[in-house]
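Peer 1: Here the sequence shown stands for residues 52 to 427, where the numbers follow the working numbering.
We treat Cβ as the ideally placed atom computed from N, Cα and C, and that holds for glycine.
In this text, all values refer to a predicted model and were calculated from it rather than measured experimentally.
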Amino acid sequence: MPIANVSSRGGRLLDGGNTLKLGLFGANCSSGRNVTKVPERWSGTWADNLKLARMADAAGIDFMLPIGRWKGYGGETDYQGATLETITWACGLLAATKRLTVFGTVHAPLFHPVIAAKKMVTADHIGAGRFGLNIVVGWNEDEFEMFGVEQREHATRYDYAQEWIDAIKRMWTEQNTFDFDGRFIKLKSVRAKPKPYGGTQPVIMNAGASPTGRAFAVKNCGAFFMQASRNSVAETAQRVAAVKAEAAAQDRDVSVFTVGVIVCRPSTREAEDYHHHCVVEEADWSAVDQLLALRNITPQTVSPDEFRLRRHEFAHGNSGLPIIGDPDRVAGMLIELSRAGLTGIAVSLVNFADELPYLAAEVLPRLERAGLRLPA
Ligand SMILES: Cc1cc2nc3c(=O)[nH]c(=O)nc-3n(C[C@H](O)[C@H](O)[C@H](O)COP(=O)(O)O)c2cc1C
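1. Using a Cβ-Cβ cut-off of 6 Å (strictly less than) and excluding sequence neighbours within five positions of G77, which residues of its own chain qualify?
2. Report the rounded CA-to-CA distance for L101 versus A296, giving the unit in angstroms.
3. Could you have a look at T152 and say whether DSSP puts it in helix, strand or coil?
4. When you compare only the Cα positions, how much space is there between F403 and Q213?
5. Could you pull out every residue in the same chain whose Cβ sits closer than 6 Å to the Cβ of E406, ignoring the five residues on either side in sequence?
6. Along the chain, where does the alpha helix (DSSP H) that runs through L103 open and close?
7. In the DSSP assignment, find the unbroken beta strand (DSSP E) run with A397 in it and report its ends.
8. Identify the continuous alpha helix (DSSP H) that holds M171 and give its terminal residues.
9. Rounded to whole angstroms, what's the CA-CA distance from L64 to A366? Just pull it up for me.
10. Beta-carbon separation of G259 and I396 under 7 Å?
11. By Cβ distance, which residues of its chain are closer than 7 Å to L161, with the 5 residues on each side in sequence left out?
12. Would you check whether ligand 1 has a heavy atom nearer than 6 Å to the C-beta of S261?
13. Please list the terminal residues of the continuous alpha helix (DSSP H) segment that includes K220.
14. Could you tell me whether the region 202-211 touches the region 175-189, using the rule of 3 or more Cβ pairs below 8 Å?
15. Under three-state DSSP, which class holds D66?
16. Please classify P53 as buried or exposed, where buried requires at least 16 other C-beta atoms within 10 Å of its C-beta.
17. Which same chain residues, not among the five before or five after R105, have their C-beta less than 8 Å away from its C-beta?
18. Give every residue of the same chain whose Cβ lies closer than 7 Å to the Cβ of E321, excluding the five residues on either side of it in the sequence, and list them in chain order.
19. What do you get for T251, buried or exposed, if any count of 16 or more other CB atoms within 10 angstroms of its CB means buried?
20. Applying the 10 Å Cβ sphere with the 16-neighbour rule, what's the burial state of E91?
21. Can you list, in chain order, the stretches of the alpha helix (DSSP H) that have 4 or more residues and sit fully within the region 247-325?
22. Exposed or buried, which one is P355 when buried takes at least 16 other CB atoms within 10 Å?
23. Give the range of the alpha helix (DSSP H) segment to which P416 is assigned.
24. Alpha carbon to alpha carbon, what distance is there between G249 and G178?
25. Between the alpha carbons of Q202 and V330, how many angstroms are there, rounded?
26. Counting along the chain, where does the alpha helix (DSSP H) carrying P355 start and finish?
27. Do E323 and I374 have their beta-carbon atoms positioned less than 7 Å apart in this structure?
28. Does ligand 1 have a heavy atom nearer than 6 Å to the CB of T156?
29. Would N257 be called buried (16 or more neighbouring beta carbons within 10 Å of its own) or exposed?
30. Taking one C-beta from the region 408-416 and one from the region 331-348 each time, how about it: are there three or more such pairs within less than 8 Å?
Next comes the structure, spelled out in structure tokens:
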């Protein structure tokens, strides 16, 4: 049976609003994304998340994107060792906010699609259409061992995810009882009510880095998250254009986002000093090394120069684009990313709640003056 015609864009996040959308990435995890030992690092507690979401909502931040992580990376801080489950986290935050889109990051191979579809619809009703899905297929082997689930070979992960998302979309749209007879997923007499809020569809994103992952995103998602170039904005623009061209070749449109880490202070010198303090002097290097080892990046597998470079990249925000400086510099870099064709960026801060007010007071007005954002 054909899949019901579901808008692949969906959700409020992509329906107009700010030209450059800003999100917060990784607040559901202890440490957030900076791999640092500084005592003020992000707690990831519910109380701090709630405070942050209310603040972000008032400031006009567009979305919050959590990390679906089941097990910490160890090190002195047990980096990302305490994480709030993302759909339940989203439900709580959606109930407490009015405008933010809140994503759940859902591991397709670990969540039964019937349960996942209903959990997500519930979140979408709580948020009156503001829930978003980040579909992930699994990155870290050790997490799957913990579930007693064997990770599939890379391409097959996305074959499975294709069936999973097809099943989810049918449950979100199909009025009649249906059977789903896939290669992996077999469902009988499925009835799923209610449908997502108000006849809309939650925005769906994916951040696959491989050609297979990217093809999956282009085919199924309204938003694709990619790594911005660390070398030049021109290179980022080329990457965005390549994704858009891949989508256009299938008669589709996808919004392209990236991730970054921001340190913004009254002077660029102060920002650089603090950044250096957090992710060089006080980096949790043992956690960084475990993160790298999970990706098979070790002194045995890469050259000493490459290893040094990757350690530094991963210490600040697990390899997001560093955006470090005074408000003019930070706003300037964000404006360049927008001109490169990006629809938005999900950023991490060392302590989200302590640092967001300054960002909101100094950087957002600069983006408004540049015509990229509307006043909150
Ligand atoms: C912004 C962003 C968020 C991601 N969130 C998660 C996550 O929370 N959990 C997870 O297991 N993988 C996450 N990933 C990993 C991707 O979904 C993807 O598996 C990874 O980029 C490797 O790409 P590939 O699957 O195409 O090989 C994220 C990646 C990015 C860039």
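Peer 2: The structure says:
1. Sequence index remark: in the sequence shown, residue 77 carries index 26 (1-based). So the qualifying residues of the chain are G83, R84, I118 and S399.
2. As a first step, residue 101 is located in the sequence shown; it is residue number 50 there, counting from the start. As a first step, residue 296 is located in the sequence shown; it is residue number 245 there, counting from the start. Computed Cα separation, rounded: 39 Å.
3. Locating residue 152 in the sequence shown gives position 101, counting from the first residue. T152 falls in the strand class under three-state DSSP.
4. Locating residue 403 in the sequence shown gives position 352, counting from the first residue. Locating residue 213 in the sequence shown gives position 162, counting from the first residue. One C-alpha to the other measures close to 34 Å.
5. What you label residue 406 is simply residue 355 of the sequence shown in a count that begins at 1. Here the set comprises L400.
6. On the sequence shown, residue 103 is found 52 positions in, with the first residue counted as 1. Unbroken alpha helix (DSSP H) run through L103: W97 to A110.
7. For the purposes of this step, residue 397 is taken as the residue at position 346 of the sequence shown. Start and end: G395 to S399.
8. Start at 1 with the first residue of the sequence shown, and residue 171 comes out as number 120. P164 to I177 is the extent of the alpha helix (DSSP H) around M171.
9. Along the sequence shown, one-based indexing puts residue 64 at 13. Along the sequence shown, one-based indexing puts residue 366 at 315. Approximately 30 Å, taken between the alpha carbons.
10. Translated into the one-based positions of the sequence shown, residue 259 becomes position 208. Translated into the one-based positions of the sequence shown, residue 396 becomes position 345. Contact: no.
11. Here residue 161 refers to the residue found at position 110 of the sequence shown. Result list for L161: F198 and V200, in chain order.
12. As a working mapping, residue 261 is identified with position 210 in the sequence shown. Yes - ligand 1 has a heavy atom lying nearer than 6 Å to the Cβ of S261.
13. In the sequence shown, the residue the question calls residue 220 occupies position 169. That run of the alpha helix (DSSP H) goes H205 to T224.
14. yes
15. On the sequence shown, position 15 is the one that residue 66 refers to. In this structure, D66 counts as coil in the three-state DSSP scheme.
16. Locating residue 53 in the sequence shown gives position 2, counting from the first residue. Note that P53 scores a pLDDT of 38, beneath 50, so its modelled location is shaky and nothing firm can be said.
17. Counting from 1 along the sequence shown, the entry for residue 105 is found at position 54. Excluding positions up to five away in sequence, the list reads A147 and T148.
18. Your numbering for residue 321 matches position 270 in the sequence shown. For E321, where only same-chain residues beyond five positions count, there are no Cβ hits under 7 Å.
19. For the purposes of this step, residue 251 is taken as the residue at position 200 of the sequence shown. T251 should be labelled buried.
20. Working through the sequence shown from its first residue, we reach residue 91 at position 40. Exposed is the call here.
21. 262-271 and 284-300
22. As a working mapping, residue 355 is identified with position 304 in the sequence shown. By the neighbour-count rule (16 or more Cβ atoms within 10 Å), P355 is not buried but exposed.
23. Counted from its first residue, the sequence shown places residue 416 at position 365. Taken as a continuous stretch (DSSP letters only), the alpha helix (DSSP H) holding P416 covers L415 to R420.
24. Mapped onto the sequence shown, residue 178 falls at position 127. Mapped onto the sequence shown, residue 249 falls at position 198. In a straight line, the C-alpha of G178 is about 11 Å away from that of G249.
25. Here residue 202 refers to the residue found at position 151 when the sequence shown is read from its first residue. Here residue 330 refers to the residue found at position 279 when the sequence shown is read from its first residue. So the alpha carbons of these two residues sit roughly 32 Å apart.
26. As a first step, residue 355 is located in the sequence shown; it is residue number 304 there, counting from the start. It spans P355 to A366 - the alpha helix (DSSP H) in which P355 sits, taken as one unbroken run.
27. Against the sequence shown, residue 374 aligns to sequence position 323. Against the sequence shown, residue 323 aligns to sequence position 272. In this structure, E323 does not lie closer than 7 Å to I374 by Cβ.
28. The residue you call residue 156 lines up with position 105 of the sequence shown. The answer is yes for T156.
29. By one-based count along the sequence shown, residue 257 stands at place 206. Label assigned to N257: buried.
30. no
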